[in-house]
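Okay, so here's the structure we're looking at.
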Amino acid sequence: MLVLTFAVSGAGNCVEVGGAPFVYARTTLGSFVLPARCSHRGGPLHLARVEPGRARLICPWHEQATSVKRLARTGIPAVRRGEVVTAVFADATPDNWSTGHLPLSPDLDGTSVSV
Amino acid sequence: MNFSPVYQPFELSAEQLREAALHFASNPLYLDNEEWENDDNPYRRQLRPQVLQHLDFTKKLSRSEILNYESLAAQRLLTTIYESDLMFLPQSGFGEKYEDFKRFYSSTNRALGEMIRPALERHSFGFLDDEVEVTGKWTRASLEAFLRDLENEQPQPSLAETAIEKSSDPARAARMWLIQFIPDFMSEASPMIRNVMGHYGPVQSDWFKVIIDEYGYGVHDTKHSTLFENTLSSVGLRTDLHHYWQYYLSSSMLLSNYFHYLGKNHELLFRYLGALYYTETTLVDFCRRAANLLTSVFGEEADVTYFTEHVHIDTHHGRMALEKLILPIVDACGEAVIPEIVRGFEEFKVLAQVNDEDFAAQIEWMDGGPTNKALHEPVWEGIQQGRVTAPIADLIEPRGELSNTHCHNGDELCHIVSGTMKFVAGFNSHQILEAGQGTVIRKNRLHGAIIESEECVYQIHSVGDYRACLS
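Structure, rendered in structure tokens:
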């Protein structure tokens, strides 16, 4: 188990664990830790849009759909406190991670979430 | 003929809430005081009912509003409501206070408090819904990894501790700091006791062990509140409950009331456990630093046993909270309760940060008394030149009129037209303001005043941001 704390937005908003990048997405349908690469062909899921009227993210490369409910309910356990998020990665070791930055689509960066 | 009643949750309209809050606070126990401090009367608390009718408790405060006056008023109300569940007696006997005792614990007082409590809690703690968000599939293993990760954090001195060390008057700042702990430490573990009533298995009994420690195993001299009283006495502070009521910051009560809020509302039991683990674990290092800080400020005469005791016992309590309470209750109740545990852990962090920043700002405000007084001249000049057009309140008050402590939601300028005012910015912190003088009153900073001439005529200019008045 690896517990990592990273930024919700801006610099350091991407954590790469075992070679796989993750970001924290805030959508109108809920928030979750999002694999930044699409499971289909590795497209930039961090730039995905929410499909109108449906709880799915649409990858910009091949329009592969990913369930938002699945990410929120069965995804990586995490908690956001203000502008930082702490996530627990089950299959990771303390020496196999790094942080960076990835831009988020307007549907994922929290700007559409009214608080 | 069947009758099927429709269940409606209890909720007051805005008008009903305003009336009920005023009804509760108009109790003679809660009116303004003529002195800065209460005198061995645990039932007297200044709630400033005259202002309540202007406040809207129906909406949730945001993070940026949490130090506004509405929050201070709500926290004073909540402290009073929660503490009517606890038993307090005056140190020097009843005398005339017997009537106050009966009033404080009367069904009327308690029922009126209960009516407004849910709305006040939503108003005060609702911002945490936005500040903390739990997601994903949590398991027992991921929860344990998450909680144990706290042990890897490198403890740093808080902003409050740094503010005391760097204060122009560290002893005054340290006394103000100790005063902030009184709502929590004098009835320590009382919120926790709310959770050990009932019947729910081995966790209940293990939790009781923590309480036994806090209560000094039934030996009064070792009860933690007794140890804290010794600390207060050793640095020249009074130990009668809420003697220093007017010097509590809203965030200090926010922190202490949070545990009452979680303990009073049993549906928040799991959140309480998360917050408990955080506080018990981090208290070890905090208490070590606190003991050192108090000794460095006051010398060896400061009795820091309260803090050194916690360095020892909270090492056990942090472990017990995890291994004897949290993990067993997850085993008993299932992983569905984990998000609430995580939420409580993180919520307490948010509140601790709010309190830390608030206290440090208050010390800066207290130390800055001469600066704020000197700022009167250029700000007053700016107002006269029309740089800012601010609402003005004209006031005339007689000798001895005490403006009980409060704060404002924006910067204000106090301008003395005639007479003398003693302007108080915190415990043992004041400036004397004469005719033609005044002071800038910073947003959210606790303050009060007393008139020291036969009459004082003064103005309050609500400038919003005093810097706008400067050229």
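If you read the sequences in order, they're chains A and B.
Note that numbering that gives the first Met the number 0 has the first sequence beginning at 0, numbered continuously upward.
Note that numbering that gives the first Met the number 0 has the second sequence beginning at 0, numbered continuously upward.
For glycine and all other residues, C-beta sits at the position ideal for the given N, C-alpha and C.
Interface partners of residue i on chain A, CB under 7 Å
i                        : result
threonine 280 of chain B : Under the 7 Å cutoff, chain A gives no residues; its nearest Cβ is about 14 Å from threonine 280 of chain B.
glutamate 345 of chain B : Val78, Arg80
alanine 144 of chain B   : Met0, Val2, Val87
aspartate 148 of chain B : Val2
serine 141 of chain B    : Met0, Pro76, Val87, Ala89
Option nearest residue i by Cα separation, candidates the options
i                         : options                                : result
alanine 35 of chain A     : A/Thr26, A/Ala47, A/Arg25              : A/Ala47
arginine 25 of chain A    : A/Pro51, A/Arg79, A/His39, A/Val2      : A/Arg79
isoleucine 382 of chain B : B/Glu308, B/Ala188, B/Ser461, B/Lys165 : B/Ser461
valine 83 of chain A      : A/Pro43, A/Gly74, A/Val32              : A/Val32
threonine 85 of chain A   : B/Lys348, B/His315, B/Pro397, B/Glu34  : B/Lys348
glutamate 279 of chain B  : B/Ser402, B/His316, B/Leu445           : B/His316
glutamine 74 of chain B   : B/Pro338, B/Ser402, B/Ser255, B/Glu334 : B/Ser255
leucine 158 of chain B    : B/Val353, B/Gln90, B/Ser204            : B/Val353
leucine 374 of chain B    : B/Ala13, B/Ile440, B/Asp55             : B/Ile440
aspartate 410 of chain B  : B/Asp330, B/Gly112, B/Ala389           : B/Ala389
serine 104 of chain A     : A/Ser38, A/Ala10, A/Pro59, A/Pro20     : A/Pro59
isoleucine 415 of chain B : B/Ala144, B/Phe426, B/Ser428, B/Val456 : B/Val456
serine 8 of chain A       : A/Glu15, A/Met0, A/Gly18, A/Val22      : A/Val22
lysine 58 of chain B      : B/Ala188, B/Cys413, B/Gly125, B/Glu454 : B/Gly125
threonine 98 of chain A   : A/Val16, A/Thr110, A/Leu1              : A/Val16
asparagine 32 of chain B  : B/Val133, B/Glu433, B/Arg47, B/Val131  : B/Arg47
serine 470 of chain B     : B/Val378, B/Tyr305, B/Ser428           : B/Val378
glycine 343 of chain B    : B/Met365, B/Glu132, B/Ile163           : B/Glu132
leucine 292 of chain B    : B/His259, B/Val234, B/Phe9, B/Ala335   : B/Val234
glutamine 15 of chain B   : B/Glu400, B/Tyr271, B/Asp284, B/Asp55  : B/Asp55
isoleucine 178 of chain B : B/Glu164, B/Ala144, B/Tyr246           : B/Tyr246
histidine 311 of chain B  : B/Thr281, B/Glu322, B/Ala359           : B/Thr281
Coil, strand or helix - residue i by DSSP
i                            : result
aspartate 284 of chain B     : helix
alanine 467 of chain B       : helix
methionine 383 of chain B    : Here residue 383 of chain B turns out to be glutamine, not methionine, going by the sequence shown. Here glutamine 383 of chain B sits in helix by DSSP.
threonine 419 of chain B     : coil
glutamate 132 of chain B     : strand
alanine 434 of chain B       : coil
cysteine 13 of chain A       : strand
aspartate 330 of chain B     : helix
leucine 103 of chain A       : coil
glutamate 213 of chain B     : helix
histidine 71 of chain A      : The displayed chain sequence assigns alanine, not histidine, to residue 71 of chain A. Looking at alanine 71 of chain A - three-state DSSP - the assignment turns out to be helix.
glycine 425 of chain B       : strand
aspartate 410 of chain B     : strand
valine 439 of chain B        : strand
serine 250 of chain B        : helix
proline 48 of chain B        : helix
threonine 92 of chain A      : coil
serine 66 of chain A         : strand
histidine 460 of chain B     : strand
isoleucine 65 of chain B     : coil
alanine 389 of chain B       : coil
glycine 262 of chain B       : helix
phenylalanine 208 of chain B : The sequence given here has lysine at residue 208 of chain B, not phenylalanine. Three-state result, lysine 208 of chain B: helix.
glutamine 15 of chain B      : helix
valine 114 of chain A        : Caution is warranted here: a pLDDT of 42 is assigned to valine 114 of chain A, below 50, making its placement in the model unreliable, and the coordinate value is therefore given only provisionally. If DSSP states are grouped into helix, strand and coil, valine 114 of chain A belongs with coil.
Beta-bridge pairing of residue i - partner residues as DSSP gives them
i                        : result
cysteine 58 of chain A   : According to DSSP, cysteine 58 of chain A bridges with nothing at all.
glutamate 396 of chain B : B/Cys455
serine 402 of chain B    : B/Ala448
proline 43 of chain A    : A/Arg36
arginine 25 of chain A   : A/Ser30, A/Asp108
alanine 77 of chain A    : A/Ala86, B/Thr134
arginine 48 of chain A   : A/Ile57
leucine 374 of chain B   : Note: leucine 374 of chain B sits in no beta bridge, so no partner.
leucine 492 of chain B   : Here chain B covers residues 0 to 470 and nothing more, so residue 492 of chain B does not appear.
proline 20 of chain A    : A/Glu15
serine 97 of chain A     : A/Glu15
valine 2 of chain A      : A/Val87
Under 8 Å by beta carbon: chain B residues contacting residue i
i                       : result
threonine 26 of chain A : The premise fails here: threonine 26 of chain A is roughly 11 Å from chain B at the closest Cβ pair, so nothing lies under 8 Å.
Residue i beta carbon near the ligand NAP (any heavy atom closer than 8 Å)
i                        : result
glutamate 150 of chain B : Among the ligands in the structure shown, none appear at all, so the ligand NAP cannot be discussed.
Listed by chain order, chain A residues near residue i by CB distance under 8 Å
i                        : result
glutamate 228 of chain B : Under the 8 Å cutoff, chain A gives no residues; its nearest Cβ is about 35 Å from glutamate 228 of chain B.
lysine 348 of chain B    : Arg80
Under 7 Å from the C-beta of residue i: neighbouring residues of chain B
i                          : result
isoleucine 75 of chain A   : Gly135
phenylalanine 5 of chain A : In chain order: nothing, as chain B lies at least about 14 Å away.
serine 30 of chain A       : Glu132, Thr134
arginine 72 of chain A     : Lys136
9 Å Cβ cut-off: residues of chain B touching residue i
i                           : result
phenylalanine 21 of chain A : Near phenylalanine 21 of chain A there are no residues of chain B at all, since even the closest Cβ is about 11 Å away, more than 9 Å.
Item to check | Runs of alpha helix (DSSP H) lying entirely within the region 149 to 188 of chain B, each at least 4 residues, in chain order | outcome: 158 to 165, 169 to 184
Item to check | Any beta strand (DSSP E) of 3 or more consecutive residues that is wholly inside the region 69 to 140 of chain B | outcome: 131 to 134
Item to check | Those runs of the alpha helix (DSSP H) which lie wholly inside the region 296 to 340 of chain B and span at least 4 residues | outcome: 304 to 319, 326 to 332
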